[in-house]
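Numbering (UniProt numbering), first residue to last: 1 to 392. We put the CB at the ideal spot given by N, CA and C, even for glycine. The structure presented is a predicted model; accordingly, all values stated were derived computationally and were not measured. Presented below is the structure to which this report refers.
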Amino acid sequence: MAGTQRYLRYIMFALVCLILLFFISSSSTVPATPWQGVKPQDQDVEAGKVPPTTPNTQNGLGPATASGEHMNATFVTLARNSDIWEIARSIRQVEDRFNRKFHYDWVFLNDDEFNDEFKKVTTSLVSGKTKYGKIPTEHWSFPDFIDQDKAAQVREEMKEKKIIYGDSISYRHMCRYESGFFFRHPLMLDYEWYWRVEPSVELFCDIDYDTFKFMADNKKKYSFVLSLYEYVETIPTLWDAVKNFTAAHPEHVVEGNSMGFLSDDDGKTYNHCHFWSNFEIGNLNWLRSSAYIDYFTSLDHAGGFFYERWGDAPVHSIAAALMLKKEEIHFFNDIAYYHVPFTHCPTGEKTRLDLKCHCNPKDNFDWNGYSCTSRFFEVNGMTKPEGYEKEQ
Ligand SMILES: Nc1nc2c(ncn2[C@@H]2O[C@H](COP(=O)(O)OP(=O)(O)O)[C@@H](O)[C@H]2O)c(=O)[nH]1
Ligand SMILES: [Mg+2]
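Rendered as structure tokens:
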């Protein structure tokens with residue numbers, strides 16, 4: 001009896017298993033996940049044999065090299081050895097978004113000797129040649145016409161007033177150097193175009209064309225991505241010094257310039273608008289021209305780099321706005337950029353998607369009341385990009 005019962009139990013168990021198997025294999029309510037390990041071949045997609053799925057090669061990385069003429073251009077960075085990791089971040093982004101396709105050189109300038117670690121790390125990151133230069137002492141020190149006691153007193157006063165970098169000597173040397181000397185450094189004399197890069201900046205969109213060639217082909221000499229108003233306390237007499245210069249050298253003031261960007265009363269007063277010079281792509285021959293050198297020399301003798309705290313941004317901007325034709329200054333809407341605390345994120349969703357941008361359009365500073373970019377558009381009779389109203 002016990003043997004028959006065990007035998008029946010085996011038969012029942014086998015039957016249940018068979019029924020279960022039948023249901024599992026014929027079930028149509030739980031679709032099986034197709035295995036995606038093998039991608040269709042491109043020729044099969046083209047022949048219509050398989051539906052086009054990923055990968056979308058159009059959205060892949062661009063070619064690793066760019067064809068076409070290589071311009072006589074370089075990146076340029078002023079930095080201290082201690083800026084190494086901050087400049088490494090910047091370089092990596094510039095390379096990923098632009099220079100891995102173009103391999104332009106990179107010149108590093110410093111008032112001190114660069115150390116081996118700085119050179120090793122930056123050389124490994126840059127896809128072009130790297131060059132390291134020490135700034136001659138006479139370009140990074142008090143000129144003999146500056147009264148150092150008076151300069152020290154100003155620094156004390158600015159410290160009291162908590163003006164940013166107001167008490168710093170090195171910041172003043174830096175601003176004066178960027179205003180009047182970097183383009184004359186022996187390493188820079190080989191080049192016609194420069195792109196200035198600072199530590200800790202970010203690039204948010206692909207740049208698939210040669211920006212230097214764009215500048216040359218379109219007869220541009222200076223460019224910007226962000227513009228804003230300067231702190232008045234740092235430049236109380238800068239405009240007076242500019243007016244002295246233009247009175248002495250009217251021949252350097254170009255017809256059809258951008259005075260409207262700088263002044264609301266045709267030059268009587270300065271409205272403090274300037275292009276933010278931590279990003280610049282520009283023409284070195286223009287900076288080395290007698291017009292610009294006369295301008296810088298005149299401002300330098302006025303003393304405001306030390307008796308006030310003139311920044312290279314208003315100094316470059318005023319020069320560009322008065323001594324270049326307005327068509328020679330370019331706004332790069334498509335170069336998305338961040339330098340603390342401002343972001344330029346291109347206006348226009350199509351541009352942002354086409355260029356694979358990763359900036360938040362809400363962060364864009366262009367149409368904010370503290371930006372001068374609207375004014376630039378007005379002065380140049382340019383139509384603002386579609387969608388700008390939503391970003392105001
Ligand atoms: N070699 C050197 N570079 C400096 C010095 N001070 C500032 N810089 C560089 O000058 C640029 C502007 O300085 P930064 O601190 O970014 O000023 P900010 O952007 O105006 O806040 C950066 O590229 C710095 O690395 C300095 O004392 N020596
Ligand atoms: Mg900076």
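Reduced DSSP category for residue i - H, G, I as helix; E, B as strand; rest coil
i      : result
Arg196 : strand
Asn115 : coil
Asn59  : Reliability of the predicted coordinates at Asn59 is poor, the pLDDT of 46 falling under 50, and the value obtained from them is presented with this limitation in mind. Here Asn59 sits in helix by DSSP.
Ser289 : coil
His185 : coil
Leu226 : coil
Val340 : coil
Ile281 : strand
Leu353 : helix
Ala88  : helix
Tyr270 : coil
His301 : helix
Glu386 : coil
Glu328 : helix
Phe212 : helix
Any non-hydrogen atom of ligand 1 closer than 7 Å to residue i Cβ
i      : result
Thr234 : no
Thr297 : no
Pro143 : no
Pro199 : yes
Asn110 : yes
Thr77  : yes
Arg80  : yes
Ser170 : yes
Asp217 : no
Asp83  : yes
Beta carbon of residue i nearer than 8 Å to that of residue j
i      : j      : result
Phe305 : Cys175 : yes
His330 : Ala336 : no
Tyr194 : Leu109 : no
Ala73  : Tyr191 : yes
His139 : Tyr171 : no
Tyr209 : Gly282 : no
Val253 : Leu322 : yes
Arg309 : Cys205 : no
Arg288 : Phe183 : yes
Glu391 : Pro346 : no
Asp111 : Ile135 : yes
Pro314 : Ile235 : yes
Ser90  : Val197 : yes
Leu228 : Tyr370 : yes
Cys372 : Phe279 : no
Pro143 : Asp312 : no
Rounded distance between the beta-carbons of residue j and residue i, thought under 8 Å
i      : j      : result
Ala302 : Ala247 : Not really, about 13 Å apart at Cβ, beyond 8 Å.
Phe233 : Ile163 : Residue 233 is actually Glu in this sequence, not Phe. The Cβ separation is near 5 Å, so the contact holds.
Pro199 : Glu86  : 3 Å
Ser141 : Glu95  : That belief does not hold up - the Cβ atoms of Ser141 and Glu95 are roughly 34 Å apart, past 8 Å.
Glu69  : Lys219 : About 16 Å separates the two Cβ atoms, so there is no contact after all.
Ligand 2 heavy atom lying under 7 Å from the CB of residue i
i      : result
Asn278 : yes
His185 : no
His339 : yes
Interface flag, residue i vs chain D, CB-CB below 8 Å
i      : result
Val254 : This model lacks chain D altogether; it includes just one protein chain.
Three or more beta-carbon pairs under 8 Å between the stretch 270-281 and the stretch 152-171, yes or no?
Here the stretch 270-281 does not lie against the stretch 152-171, with fewer than 3 beta-carbon pairs under 8 Å apart.
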